[in-house]
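Read the structure below first, then the notes.
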Amino acid sequence: MNIRKTIALVAHDNRKPDLLEWVDYNWQSLQGHKIICTGTTGSLIQEKFNQKLKGSKEVGPEIIRLKSGPLGGDQQLGSLICTNEIDIMIFLWDPMEPQPHDVDVKALERIAVLYNIPYASNRASADFLISSELFKTGYKPKLKDYSSYINRKI
1 MNIRKTIALV AHDNRKPDLL EWVDYNWQSL QGHKIICTGT TGSLIQEKFN
51 QKLKGSKEVG PEIIRLKSGP LGGDQQLGSL ICTNEIDIMI FLWDPMEPQP
101 HDVDVKALER IAVLYNIPYA SNRASADFLI SSELFKTGYK PKLKDYSSYI
151 NRKI
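By the UniProt record's numbering, the letter at position 132 of the sequence shown is numbered 132, and the numbering carries on one by one without gaps.
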């Protein structure tokens, strides 16, 4: 039995076609999960699901759209990670194109690592994540204890 997950799907402009191709290939595995996206990515993914389910009585996954990354969507997503509302993040970022919000992207990646959520930054790692047996379970990542940092003397 699959446990419902909240999956963040994000892609820079030059990587949106790659993410849409990945969603097209994995759309059945994404069914029944909650998907959170930044900006335009959410619209494109919704469109993809509408195409896949056209003429079907099946309902696609719940898709929630945040603001565009450069307009604060990365921070919104980081906040959701900090409050344990994201189970998995797939962020296909563009290593060949400078981004005006590069510091936000780095902060989002840092938060994903800090909160130890499964995070894929390319298609191969996204394929491994979604095909893992752990994807179908109630797997909860172990969180590092930062209490010594929080309670440090300043």
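Glycine is no exception: its CB is placed at the ideal position from the N, C-alpha and C atoms. Source: prediction; values computed, not measured.
Any chain B beta carbon closer than 7 angstroms to residue i
i    : result
A112 : Any reference to chain B falls outside this structure, which holds one protein chain only.
Environment of residue i [buried if 16+ CB atoms lie within 10 Å]
i           : result
P118        : buried
residue 176 : Examination of residue 176 is not possible in this model, given that the chain is present from 1 through 154 alone.
G138        : exposed
D102        : exposed
residue 166 : Residue 166 lies beyond the stretch modelled for the chain, which goes from 1 to 154, so this question has no answer here.
Local conformation of residue i per DSSP, three classes
i    : result
L143 : coil
Identity of the residue in the options nearest residue i by Cα
i    : options             : result
S76  : P61, L92, K52, D104 : It should be pointed out that residue 76 corresponds to Gln in this sequence rather than to Ser. The residue with the shortest Cα to Cα distance from Q76 is D104.
A8   : K48, L80, K106, S29 : L80
D74  : T38, K48, A124, Q31 : T38
Y126 : L92, K48, Q31, E109 : Contrary to the premise, residue 126 reads as Ala rather than Tyr in this sequence. Measuring from the Cα of A126, the nearest candidate turns out to be L92.
A124 : E109, K52, Y25, T6  : Y25
Check: What are the start and end residues of each continuous beta strand (DSSP E) run of 3 or more residues lying completely inside the UniProt domain "MGS-like" (1-154), in chain order?
Finding: Fully enclosed beta strand (DSSP E) runs of 3 or longer: 6-11, 34-38, 62-66, 88-92.
Next item on the list: Give a yes or no on contact between the region 123-138 and the region 50-60, applying the rule of three or more CB pairs nearer than 8 angstroms.
Entry: At 8 angstroms Cβ cutoff, the stretches do not touch.
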